[in-house]
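Following: one structure in structure tokens, then a few remarks.
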Ligand SMILES: [Zn+2]
């Protein structure tokens, strides 16, 4: 999908992860990969249909498998230092999982490639147009967004799940809310979220409301209910109707003792 003359994205079906690419004057930069090497190969074909230029960089917005399991197809990968460390730590587990995956042919010849260039706060690729990669945290400690000021486009990574319940498995919700407020101060026309359809600032506001409600309600419910009870009755959180409802249980499980 074309967002501007220089920015494209591929929106994942049924809320699976999104990817994007930016056409620079001399080379192309890709943002995130699909969940498998095979799907990433298809994405690379789609990129090739929009440009003759080579891909020089892949950016990982964070370490989660549905954004990094196609890394093996790229040579230079930029990621936050936490993304590098965590992906390295998880590699044995992920390789084991991939071997045992139900349709393991999707992971043939699969290996996990780590970021080759890391940063801590922010880094800019002077690709004409400039591509700013800014650390935010929240969804994961190393989560970053990719901002192209000249094109007024933002790739939010998993700070946004447009139309879906956000995944909070290793999230710091307070930091996430702070990050979303920071994004509101940037100037842009379109956001490509980590999951879900292309959106705008309204989606950021909806996420702030959602995350704040999750925090407040969870704090109250914890006074009356055990984690086990909430896992049995996730509807007590009274969250809005969104896709991937099963995530509410996983989020309760991950966040109950953190809040
Ligand atoms: Zn994620």
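Numbering (our numbering), first residue to last: 85 to 343.
Positions of the beta carbon are idealized from the N, C-alpha and C atoms, including for glycine.
Small disclaimer: the values here were computed from a predicted structure and weren't measured.
query                                                                                                                                                                       : result
Around the C-beta of residue 185, are 16 or more other C-beta atoms found within 10 angstroms, so that it is buried, or is it exposed?                                      : exposed
Tell me the residue span of the beta strand (DSSP E) that contains residue 160.                                                                                             : 160 to 164
If we ignore side chains and look at the alpha-carbon of each, how far apart do residue 170 and residue 147 end up?                                                         : 7 Å
Can you tell which of 317, 154, 251 has the C-alpha that lies nearest to the C-alpha of residue 326?                                                                        : 251
Identify the continuous beta strand (DSSP E) that holds residue 244 and give its terminal residues.                                                                         : 237 to 245
Going by Cα to Cα distance, which pick from 155, 267, 202 is closest to residue 193?                                                                                        : 155
Just to check, is the beta-carbon of residue 341 closer than 6 Å to a non-hydrogen atom of ligand 1?                                                                        : no
Contact defined as beta carbons within less than 8 Å: I believe residue 135 pairs with residue 112. What is the distance between those atoms, to the nearest angstrom?      : 6 Å
Residue range of the beta strand (DSSP E) that residue 207 falls in?                                                                                                        : 206 to 210
Less than 6 Å between the CB of residue 148 and some heavy atom of ligand 1, yes or no?                                                                                     : yes
With DSSP as the reference, label residue 195 as helix, strand or coil.                                                                                                     : coil
Could you check what DSSP says for residue 290 in three-state terms: helix, strand or coil?                                                                                 : helix
DSSP has residue 113 in a bridge; who is on the other side?                                                                                                                 : 106, 141
What are the complete beta strand (DSSP E) segments, minimum 3 residues, inside the region 255 to 334?                                                                      : 274 to 279
Pull up the CB-CB distance for residue 287 and residue 323, whole angstroms please, since I reckon it's below 8 Å.                                                          : Going by Cβ atoms, the distance from residue 287 to residue 323 rounds to 16 Å, so no, they are not a contact pair.
To which residues of the same chain is residue 343 closer than 8 Å at the C-beta, ignoring the five residues directly before and after it?                                  : 257, 299, 302, 303, 306
Quick one: what does DSSP say residue 152 is sitting in, helix, strand or coil?                                                                                             : helix
For residue 158, collect the residues of the same chain with a Cβ closer than 6 Å to its Cβ; drop the 5 residues on either side in sequence, then sort them by chain order. : 142
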